[in-house]
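There are 2 protein chains.
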Amino acid sequence: MRQSHLFTKTRKEAPSDEVAKNAQLLIRAGYIHKEMAGVYSYLPLGLKVFNKVANIIREEMDAVGGQEIKLTALQDEVLWSKTDRWDDKKVDNWFKTKLKTGKEVGLGFTHEEPLTNIMKDHVQSHKDLPILAYQVQTKFRNEKRSKSGLVRGREFSMKDMYSFARSEKEHETLYAKVREAYIKIFERVGLGDLTKITFASGGVFSKYSEEFQTISEAGEDTIYIDEKKNIAVNGEVNTDEVLADLKLDKKNLVEKKSIETGNIFSLGTKFSEPLGLTFKDKDEKDVPVIMGSYGIGVGRLMGALVEVLSDSKGIVWPEAVAPLSVHLILVGADEKVRAHAEEVYETLRERGVDVLFDDRDVRPGEKFAESDLIGIPTRAVISEKTMAEGKVEVTARASGKSTMVDEAEFLNP
Amino acid sequence: MRQSHLFTKTRKEAPSDEVAKNAQLLIRAGYIHKEMAGVYSYLPLGLKVFNKVANIIREEMDAVGGQEIKLTALQDEVLWSKTDRWDDKKVDNWFKTKLKTGKEVGLGFTHEEPLTNIMKDHVQSHKDLPILAYQVQTKFRNEKRSKSGLVRGREFSMKDMYSFARSEKEHETLYAKVREAYIKIFERVGLGDLTKITFASGGVFSKYSEEFQTISEAGEDTIYIDEKKNIAVNGEVNTDEVLADLKLDKKNLVEKKSIETGNIFSLGTKFSEPLGLTFKDKDEKDVPVIMGSYGIGVGRLMGALVEVLSDSKGIVWPEAVAPLSVHLILVGADEKVRAHAEEVYETLRERGVDVLFDDRDVRPGEKFAESDLIGIPTRAVISEKTMAEGKVEVTARASGKSTMVDEAEFLNP
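Residue numbers (the working numbering), protein chains in the order written: chain S, 56 to 468; chain G, 56 to 468.
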């Protein structure tokens with residue numbers, strides 16, 4: 056992709072009302088646009104990162120047998136009344152709107168109810184289970200405050216997976232598989248070391264839920280980590296009773312701020328019973344399905360990556376989720392150098408390398424500053440000097456280290 | 056994909072309140088689920104078709120230089136007031152909702168306003184133009200009636216492209232390129248012959264807009280076609296004056312019902328002027344940007360395909376958008392035959408063929424009826440009989456014609 060063709064421009068300052076570092080940097084670098092607090096549009100580079108993150112998640116969900124679907128935003132009162140989650144006094148972050156008929160409808164903040172209802176059409180016998188189904192879909196949550204950029208949105212994309220099992224034992228097997236898939240996702244996007252599996256409050260059907268908490272000063276959560284055991288507890292359950300239960304010693308715990316980047320829940324029959332999702336077991340007896348739910352915010356993960364990996368110059372993307380792999384920068388106005396840079400660009404493209412080619416007529420200092428802000432992992436500079444030496448100046452964005460690399464080697468690594 | 060793993064089941068009857076053929080068939084075959092009138096969830100096979108259609112559209116938008124983005128559903132009154140499209144008396148299909156602060160926000164039914172506003176951050180000079188940007192994104196339209204299945208949704212996915220040009224002349228070049236891309240899209244999805252470019256009412260800034268109308272009895276539009284000239288006019292502009300202008304003779308026109316599957320508009324400065332999107336021309340003078348918009352409903356196209364290509368047995372997908380290419384069906388309970396079908400399934404998968412493998416223990420008649428309903432282009436049956444002959448029975452869904460094909464040839468076409 057040519058930078059002269061890319062319609063977004065970088066900017067020196069973020070909007071004055073934007074206080075979150077992730078949104079400030081992503082806006083300045085042209086990845087996103089703020090529509091209102093907690094509501095962001097994705098521009099070309101932003102959508103590329105979004106899709107890379109989403110596709111890593113999809114691959115891991117598919118690998119454990121997940122089937123992708125796409126549910127709707129508009130939600131019917133009838134379903135949510137059955138589980139007592141329609142009333143605004145019970146759920147305080149609904150967005151509601153009205154059909155022309157006057158009927159009130161909601162905008163889904165999660166999707167247990169509609170998917171449980173859909174499964175009633177497809178699950179009759181024990182032979183129809185287990186099922187894992189997931190979506191990457193837009194959620195709407197009417198948050199009172201939304202000052203954390205992509206980390207807490209009013210409208211945001213979430214991958215939500217739901218599991219449907221015949222028994223607690225089968226549920227535990229599914230849950231463990233998805234838990235492993237989550238660990239892989241965080242490793243693949245470059246947040247493995249910084250992300251701690253954290254015990255949090257469960258609910259009626261399970262003692263604890265597990266959160267994936269990414270350590271960051273920008274986090275809204277506080278967790279207590281036993282570094283040796285690599286276990287953490289959320290502040291909300293950091294009581295003597297819970298610590299005893301988890302065999303953790305208060306004096307080994309370190310307090311950290313963190314972003315809840317994922318969570319996994321055992322739901323038991325909380326949704327299947329009121330909505331009537333049952334199956335016939337081998338004795339033809341009707342049994343309620345045992346469910347689980349598993350969430351990762353795609354935009355939130357992107358925001359967390361910017362919070363924890365950026366530096367004073369800008370964003371630092373890990374290779375796996377970078378919008379493009381190489382930022383090829385033409386330095387100087389010499390026509391021979393330009394023609395040579397064009398050749399290198401075409402060769403890289405032919406070899407399937409994702410390149411952002413800064414072919415613009417802009418002074419080098421500005422190009423380098425923009426390149427640092429945008430945060431593509433590898434920068435490759437072609438100038439009169441590098442050309443004379445038959446080399447390319449390659450700089451790693453993360454370390455800032457530069458080396459002169461033979462052009463042939465650069466093109467054939 | 057194994058049919059025993061696919062969680063959806065087919066059903067004999069559609070919901071009694073569903074009157075549209077496309078939705079009836081898609082629900083019966085397990086592609087979609089009706090949440091409420093005009094609001095459908097996509098199940099695994101449905102999402103596969105949706106993605107195939109969307110990706111064909113993306114390829115053609117990319118080919119003309121379109122840059123993909125993703126805007127938001129939630130919309131700010133400030134922007135839409137500037138173009139006088141906020142008031143419910145001016146636009147009668149808004150869904151509106153409220154933030155916790157009490158501030159009213161809308162759910163986007165189209166996205167000219169927010170994208171024009173975004174461009175103000177990125178367009179300053181004539182060097183920054185032209186731009187083509189598009190998204191595949193959810194629209195919300197509060198329709199009074201919604202009885203046409205995927206053909207008229209209250210919540211639906213649309214590909215909407217917007218063009219930004221320096222002059223009318225440049226706009227016309229962009230418009231012509233996108234028009235050609237649209238023709239290709241309709242050809243690629245299998246609706247080329249049935250889709251007519253149709254003159255419709257324009258607006259303040261252009262005499263006519265052009266619609267892509269797919270001939271179908273299920274259509275809500277009426278168009279008048281000059282078959283020889285391969286031009287049509289929408290009923291709404293079928294006046295003596297317009298016919299004279301287009302040099303069409305009333306007596307050569309044939310009346311047809313049709314589905315508006317796409318439309319392209321010249322917008323002039325209708326949005327750039329009130330929203331203040333200007334650029335500095337070569338003389339440093341501020342000039343408003345000339346815009347165009349180009350829409351295709353992804354779900355609507357899917358619905359139109361089912362309306363025009365299905366038969367009494369079910370859906371007939373064209374290869375390009377079929378959820379999978381081959382429906383491999385195991386007939387009989389013999390273990391040797393099953394083992395052999397498993398081998399064929401694995402071989403096809405290794406060769407990159409998208410196969411739905413009906414490995415279930417269900418009687419053949421039921422399997423064939425379901426296969427016809429689901430509508431995968433090629434059916435391949437493996438039974439004791441075909442195995443004995445070293446053959447596979449291959450049936451084309453569209454023609455119904457069956458042939459016995461040597462297994463080696465089937466695996467190595």
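Think of the CB as a built atom: it goes at the ideal place given N, C-alpha and C, for glycine as much as any other residue.
Next item on the list: Closer than 8 Å by beta-carbon distance: list the chain S residues that pair up with residue 417/G, in chain order.
Entry: As a working note, residue 417/G is residue 362 in the second sequence. Under the 8 Å cutoff, chain S gives no residues; its nearest Cβ is about 11 Å from residue 417/G.
Note to self: Contact between the region 439–459 of chain G and the region 105–123 of chain G is defined here as three or more beta-carbon pairs at a separation below 8 Å; is this criterion met?
What the structure shows: no
Note to self: Does chain G have any CB closer than 9 Å to the CB of residue 387/S?
What the structure shows: Reading the first sequence from its first residue, position 332 is the one you call residue 387/S. Cβ-Cβ to chain G under 9 Å: no for residue 387/S.
Item checked: Close Cβ partners of residue 308/S (< 7 Å) along its chain, the five nearest in sequence each way excluded -> Residue numbering aside, residue 308/S sits at position 253 when the first sequence is read from its first letter. For residue 308/S, where only same-chain residues beyond five positions count, the Cβ hits under 7 Å are 279, 280 and 281.
Note to self: So residue 111/S contacts chain G; which residues on that side make the cut at Cβ distance below 7 Å?
What the structure shows: Position 56 of the first sequence, counted from the start, is the residue given in the question as residue 111/S. Per Cβ cutoff of 7 Å: no residues; residue 111/S is ~17 Å from chain G at best.
Note to self: Does the distance between the C-beta of residue 120/G and the nearest non-hydrogen atom of the ligand NAD fall short of 8 Å?
What the structure shows: The ligand NAD is not part of the structure shown, which contains no ligands of any sort.
Next item on the list: Tell me the start and end of each unbroken alpha helix (DSSP H) in the region 133–220 of chain G that is at least 4 residues and wholly inside, in chain order.
Entry: 167–174
Next item on the list: For residue 468/G, count neighbouring Cβ atoms within 10 angstroms of its own Cβ and tell me buried if that reaches 16, exposed if not.
Entry: For this step, residue 468/G is matched to residue 413 along the second sequence. Burial call: exposed.
Next item on the list: Classify residue 31/G as helix, strand or coil using the three-state DSSP reduction.
Entry: In the structure as shown, chain G starts at 56 and stops at 468, and residue 31/G therefore has no counterpart that could be examined.
Notebook entry, point to check: What does a CB cutoff of less than 7 Å around residue 393/G pick up in its chain, not counting 5 residues either side in sequence?
Noted result: Locating residue 393/G in the second sequence gives position 338, where the first residue counts as 1. Within the same chain, residue 393/G has close Cβ partners 385.
Check: Taking only runs of the beta strand (DSSP E) that begin and end inside the region 354–416 of chain G, which ones reach a length of at least 3 residues, in chain order?
Finding: 381–385 and 410–413
Next item on the list: May I ask you to report which of helix, strand or coil DSSP gives residue 301/G?
Entry: Along the second sequence, one-based indexing puts residue 301/G at 246. Coil.
Next item on the list: Would you kindly work out how many angstroms separate the C-alpha atoms of residue 258/G and residue 354/G, rounded to a whole number?
Entry: On the second sequence, residue 258/G is found 203 positions in, with the first residue counted as 1. On the second sequence, residue 354/G is found 299 positions in, with the first residue counted as 1. So the two alpha carbons sit approximately 26 Å from each other.
Note to self: Any beta carbon of chain G sitting closer than 9 Å to that of residue 91/S?
What the structure shows: Your numbering for residue 91/S matches position 36 in the first sequence. Closer than 9 Å: yes.
Notebook entry, point to check: In terms of alpha-carbon separation, which member of 228/S, 198/S and 65/S lies closest to residue 150/S?
Noted result: One-based indexing of the first sequence puts residue 150/S at position 95. The shortest Cα separation from residue 150/S among 228/S, 198/S and 65/S belongs to 198/S.
Notebook entry, point to check: For the region 63–74 of chain S, which residues have a beta carbon sitting closer than 9 Å to at least one beta carbon of chain G?
Noted result: 63, 64 and 66
Notebook entry, point to check: Is the CB-CB distance between residue 411/S and residue 429/S below 9 Å?
Noted result: Sequence index remark: in the first sequence, residue 411/S carries index 356 (1-based). Sequence index remark: in the first sequence, residue 429/S carries index 374 (1-based). For residue 411/S and residue 429/S, yes; Cβs fall inside 9 Å.
Next item on the list: Grab the span of the beta strand (DSSP E) containing residue 95/G for me, first residue to last.
Entry: Locating residue 95/G in the second sequence gives position 40, where the first residue counts as 1. Where residue 95/G is concerned, the enclosing beta strand (DSSP E) stretches over 94–97.
Note to self: With H, G and I counted as helix, E and B as strand and the rest as coil, what does DSSP make of residue 116/S?
What the structure shows: Counted from its first residue, the first sequence places residue 116/S at position 61. Note: residue 116/S maps to helix in three-state DSSP.
Check: Where residue 181/S and residue 342/S are concerned, what is the direct C-alpha to C-alpha distance, given to the nearest angstrom?
Finding: Position 126 of the first sequence, counting from 1, holds the residue named residue 181/S. Position 287 of the first sequence, counting from 1, holds the residue named residue 342/S. Near 9 Å, if we compare the C-alpha coordinates of residue 342/S and residue 181/S.
Notebook entry, point to check: Where residue 79/G and residue 433/S are concerned, what is the direct C-alpha to C-alpha distance, given to the nearest angstrom?
Noted result: For the purposes of this step, residue 79/G is taken as the residue at position 24 of the second sequence. For the purposes of this step, residue 433/S is taken as the residue at position 378 of the first sequence. Near 52 Å, if we compare the C-alpha coordinates of residue 433/S and residue 79/G.
Check: Going along the chain, which residues of its own chain have a beta-carbon closer than 8 Å to the beta-carbon of residue 66/G, five neighbours each way excluded?
Finding: Here residue 66/G is taken as the residue at index 11 of the second sequence, counted from 1. Answer for residue 66/G: 82, 83 and 85, listed in chain order.
Check: Which residues, in chain order, does the region 102–135 of chain G contribute to contact with chain S at a C-beta distance below 8 Å?
Finding: 102, 105, 120, 122, 123, 124, 125, 126, 127, 128, 129, 130 and 131
Next item on the list: Give the C-beta separation of residue 245/G and residue 373/G to the nearest angstrom, bearing in mind that I take them to be a contact with Cβ-Cβ under 8 Å.
Entry: The residue labelled residue 245/G in the question sits at position 190 within the second sequence. The residue labelled residue 373/G in the question sits at position 318 within the second sequence. Confirmed, about 3 Å.
Item checked: Residues of the region 183–212 of chain G with Cβ closer than 8 Å to any Cβ of chain S, in chain order -> 183, 186, 188, 193, 195, 197, 198, 199, 209 and 210
Margin query: Our contact map puts residue 319/S next to residue 377/S with C-beta atoms below 8 Å; I'd like the distance itself, whole angstroms only.
Written below: Looking up residue 319/S in the first sequence gives position 264. Looking up residue 377/S in the first sequence gives position 322. Not really, about 27 Å apart at Cβ, beyond 8 Å.
Next item on the list: Please report the Cβ distance between residue 17/G and residue 124/S, rounded to the nearest whole angstrom; I am assuming they are in contact, meaning their Cβ atoms lie under 8 Å.
Entry: Residue 17/G lies beyond the range of chain G shown here (56 to 468); nothing can be said about it.
Item checked: Rounded Cβ spacing between residue 201/G and residue 93/G (contact assumed at less than 8 Å) -> For the purposes of this step, residue 201/G is taken as residue 146 along the second sequence, with counting starting at 1. For the purposes of this step, residue 93/G is taken as residue 38 along the second sequence, with counting starting at 1. Sure, about 3 Å apart at Cβ, within 8 Å.
Note to self: Please tell me whether residue 352/G has its Cβ less than 9 Å away from any Cβ of chain S.
What the structure shows: As a position in the second sequence, residue 352/G is number 297, starting the count at 1. For residue 352/G, the answer is no, since every Cβ of chain S falls outside 9 Å of its Cβ.
Check: For residue 60/G, which of helix, strand or coil comes out of DSSP?
Finding: Here residue 60/G refers to the residue found at position 5 when the second sequence is read from its first residue. Residue 60/G: coil per DSSP, three-state reduction.
Next item on the list: Sort 56/G, 165/G, 359/G and 72/G by Cα distance to residue 108/G and report the nearest one.
Entry: Locating residue 108/G in the second sequence gives position 53, where the first residue counts as 1. The candidate whose alpha carbon is nearest that of residue 108/G is 359/G.
Check: For residue 343/G, which of helix, strand or coil comes out of DSSP?
Finding: Walking along the second sequence from the start, residue 343/G turns up at place 288. Residue state, collapsed to three classes: strand.
Next item on the list: Report yes or no: is there a C-beta of chain G within less than 9 Å of the C-beta of residue 400/S?
Entry: Your numbering for residue 400/S matches position 345 in the first sequence. Judged by the 9 Å Cβ criterion, residue 400/S is not in contact with chain G.
Next item on the list: Could you name each continuous beta strand (DSSP E) segment of 3 residues or more that falls completely within the region 212–271 of chain G, going from the start of the chain to the end?
Entry: 250–256 and 263–270
Next item on the list: State the CB to CB distance for the pair residue 243/G and residue 111/G, rounded to an integer number of angstroms; the pair is presumed to be in contact (CB under 8 Å).
Entry: In the second sequence, counting from the first residue as 1, residue 243/G sits at position 188. In the second sequence, counting from the first residue as 1, residue 111/G sits at position 56. Sure, about 5 Å apart at Cβ, within 8 Å.
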